[in-house]
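All remarks here apply to the structure that follows.
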């Protein structure tokens with residue numbers, strides 16, 4: 001497993017980049033196709049990394065079973081939303097999806113760490 005500081009920092013960096021891309025989706029219809037592609041790739045890779053590296057520790061060692069389940073649901077919802085948007089954008093890009101994207105971007109907060117602080121997560125993920 002990677003150094004716990006690196007894992008947590010990478011997760012947080014991914015979260016900020018996903019937030020930036022959702023903001024781009026919301027504010028710049030001209031960049032929507034590219035932003036959907038980028039956020040899809042990042043979100044899928046990010047979700048898989050959290051599922052492999054963080055969730056087992058959070059669930060098994062920190063007892064965050066409900067938070068892990070919630071985060072997995074959030075990831076699945078975000079992936080389904082983006083897949084639907086990618087399909088929709090091919091048919092009718094532009095203003096028709098702007099309000100929907102804005103609302104979904106506000107609603108989809110992928111946090112993946114539950115109630116654990118950054119320091120607690122680092123401590124739990126740190127290899128022995």
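Residue numbers (UniProt numbering): 1 to 128.
No residue lacks a Cβ here, since even glycine has one placed at the ideal position from N, Cα and C.
May I have the straight-line CA-CA distance separating residue 24 from residue 44, to the nearest angstrom? Approximately 18 angstroms between the Cα atoms of the pair.
Starting from residue 36, trace the alpha helix (DSSP H) in both directions and tell me its first and last residue. 32-49
Given a cut-off of 7 angstroms on the beta-carbon distance, is the pair residue 82 and residue 40 in contact? Less than 7 angstroms separates the beta-carbon of residue 82 from that of residue 40.
Measure from the alpha carbon of residue 7 to the alpha carbon of each residue in 53, 79, 20 and 31, then state which is nearest. Nearest of 53, 79, 20 and 31 to residue 7, Cα basis: 53.
Spatial neighbours of residue 17 within its chain, please: C-beta separation below 8 angstroms, excluding the five flanking residues on both sides. Within the same chain, residue 17 has close Cβ partners 42.
Anyone know if the C-beta pair for residue 70 and residue 47 falls short of 7 angstroms? no
Have a look at residue 84 and residue 27 and give me their C-alpha separation to the nearest angstrom. 19 angstroms
Cα separation between residue 65 and residue 38? 30 angstroms
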